[in-house]
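Residue numbers (my numbering), protein chains in the order written: chain Y, 261 to 373; chain A, 262 to 375. Think of the CB as a built atom: it goes at the ideal place given N, C-alpha and C, for glycine as much as any other residue. Computed from a predicted model, the values in this text were never measured in an experiment. Here the structure is laid out as structure tokens; the discussion comes afterwards.
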């Protein structure tokens, strides 16, 4: 059974800092891994999707890496801003043709001005 | 990007009543939609896969007679929580995938059953 763990559960940093969020998964047989942002009352926003054959994806100040063999992914946020405050979720899509996503519990990020 | 609209955003109901949640794809057709549930401090968990024109596929442990899913058109899926009880209080969220693109989520529904 696939399990996804995110560390830390919460993180508070001053504005401008670079930071790394961690995600690990127990079964390396995945189709892809996706990072989401969850804002209260606004649902989920997909940030980056990394296919199983890829090692990283970048979008603006965000960079996500994937090491499938070790079951790890990181989300790097450069020059953090107060607007980055949200809960960040990691999810993997398992193989077998299923669309099912297995989510971690998330990391709640607070960026202080 | 694609938009998935979910209503209502929150609902409070008495125990024993039924609650309907709607999920609409506004600018694309979704033959498949997904319903997730999130209890406090827990992960989002897939409840069921909603297929247009056919029966939904439920995950293990999810009661199909309690959580009725109807996907009558390519742009609308509904989740009805029948005879809701306090233990059904949770955050429910739907999603849909545009072919070849990422998964798009609705804004979620916070259900509180008194």
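So what's residue 274 of chain Y in DSSP terms, helix, strand or just coil? strand
Using a C-beta to C-beta distance shorter than 7 angstroms, which residues of chain Y count as neighbours of residue 270 of chain A? 301
Within 7 angstroms of any Cβ in chain A, is that where the Cβ of residue 313 of chain Y sits? no
Determine, using beta carbons only, whether residue 331 of chain Y and residue 265 of chain Y come nearer to each other than 7 angstroms. no
Say whether chain Y places a C-beta atom closer than 7 angstroms to the C-beta of residue 322 of chain A. no
Interface residues of the region 273 to 295 of chain A facing chain Y [CB-CB below 7 angstroms]: 293, 295
Return the chain-ordered ranges of every beta strand (DSSP E) run that is complete within the region 281 to 355 of chain Y and spans a minimum of 3 residues. 290 to 298, 304 to 311, 316 to 319, 322 to 327, 332 to 337, 346 to 354
Assuming residue 303 of chain A is part of the beta strand (DSSP E), what are its boundary residues? Run containing residue 303 of chain A: none; DSSP gives neither H nor E here.
Using a Cβ-Cβ cutoff of less than 6 angstroms, which residues in the same chain neighbour residue 338 of chain A once the five nearest sequence positions on both sides are dropped? 284, 294, 311, 332
Report the rounded CA-to-CA distance for residue 374 of chain Y versus residue 285 of chain Y, giving the unit in angstroms. Within the shown structure, residues of chain Y are numbered from 261 to 373, placing residue 374 of chain Y beyond reach of any answer.
Can you list, in chain order, the residues of its chain with a C-beta nearer than 6 angstroms to that of residue 273 of chain A? Leave out the 5 residues immediately preceding and following it. 373
Compute the Euclidean distance between the alpha carbons of residue 300 of chain A and residue 350 of chain A, then round it to the nearest angstrom. 8 angstroms
For residue 276 of chain A, tell me which candidate among A:263, A:345, A:366 has the shortest Cα-Cα distance. A:345
Is DSSP giving residue 283 of chain A helix, strand or coil here? strand
Using a Cβ-Cβ cutoff of 8 angstroms, what residues of the region 342 to 367 of chain A are near chain Y? List them in chain order. 354, 356, 358, 363, 364, 365, 366, 367
Please say whether residue 367 of chain Y and residue 271 of chain Y have beta carbons closer to each other than 7 angstroms? yes
If we count the other Cβ atoms within 10 Å of its Cβ and call it buried at 16 or more, is residue 339 of chain Y buried or exposed? exposed
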